[in-house]
Every structure is written in C-alpha cells, then in structure tokens.
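Enquirer:
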Amino acid sequence: MQRHTTLVPLSQEHQRLLFVCRYLKKDAAPYEGFPLETDAKLAYIVKVFQEVMVPHIQKEEYLFELCLGKNEEIDALIKELTQEHSLISRMYSALTDTKDMIDAMDLLARSLEEHIRKEERVFFEKVQVLLPQVLEQISWV
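Numbering (our numbering), first residue to last: 3 to 143.
#1: So what does DSSP say about MET93, is it helix, strand or coil?
#2: When you compare the region 83-93 with the region 48-67, are there three or more beta-carbon pairs, one atom per stretch, that lie closer than 8 Å?
#3: According to the neighbour-count rule (16 or more other Cβ atoms, all chains shown, within 10 Å of its Cβ), is ALA45 buried or exposed?
#4: Have a look at LEU65 and GLN52 and give me their C-alpha separation to the nearest angstrom.
#5: With respect to the alpha helix (DSSP H) encompassing GLU39, which residues constitute its N-terminal and C-terminal limits?
#6: Looking at the structure shown, is ARG112 part of a helix, part of a strand, or coil, going by DSSP?
Written out as structure tokens, the structure is:
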C-alpha cells in the first residue's frame, strides 16, 4: 500500500534510522566514509539520535495521541509502540555505562530495526485503512 502523504516524512526518517541499525550491528559490513571504531560509532549514534530520533519520536507520539481511543486494535498497537519507544530510549541512554559497547549497540540496532518494521508494516498500514481522517488532520510544518 502506498504511504499516505502524512506518513511519508516518518517513513523517510525510518529509512535513515534503518541505515543506522545496519551500521551499528556487530556483523555489519564496513560502509565507506563511516568509521569502524566503537567510539566513533557511539559519536555517530549520539548525533543521529539528537538530530533524527528525538524529533521523530515526538512526531510519532503526537500521531499516537490523535489516534488513541478511536480503534481498540490501534490502541493496543500504540501501547506496544510507546513501550518500545521507552525501551529504546533507555537502551540508548545506557550505552555510555555499558561494559560491552559493541553488544549494547548491536542490541539497540536490532531492537530499533524490529520496532521500525512494526511501525511500517503494521501500525502505518492499519492507520491508513482504519483512521485516514486522523491523517488528514496532520501537517508536520
């Protein structure tokens, strides 16, 4: 299904975040122009979280707020996704305190990737079908 225009910016941000997930995984192939050192990877993820992830989550939570209470199935998904936002944020915050940064980044990358896939393949699809009127109300300007 083609993305509703309101969801396109969120999907584009997901694409950037999925690249970050691939880059942070333990078994990631080297990417030209991206450092392999753990500290450099940490600096990169801090930058991306500040520039992309924080505003992205704020947009999604605004969308969740508008959708909440209109459909039980969507409400259940919103509850799951909100819990995942909290978990991912905690995982990110704990990166600097971990003894094994490589494993922690790998776990964060895999968790974030799974979360994004759920939003794209399940939540966005259901919202487009069941609550198109909510999407029509939103402008990200």
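Note that beta-carbon positions come from the ideal geometry of N, C-alpha and C, so glycine has one too.
Expert: So, from the listed chains and residues:
#1: The three-state reading of DSSP puts MET93 in helix, counting H, G and I together.
#2: Look at the beta carbons and you see the region 83-93 touching the region 48-67: at least three pairs across the two are nearer than 8 Å.
#3: Burial call: exposed.
#4: Spanning the two alpha carbons is a distance of roughly 20 Å.
#5: Counted as a single uninterrupted DSSP element, the stretch harbouring GLU39 is not any alpha helix (DSSP H), since DSSP gives it neither H nor E.
#6: It is helical.
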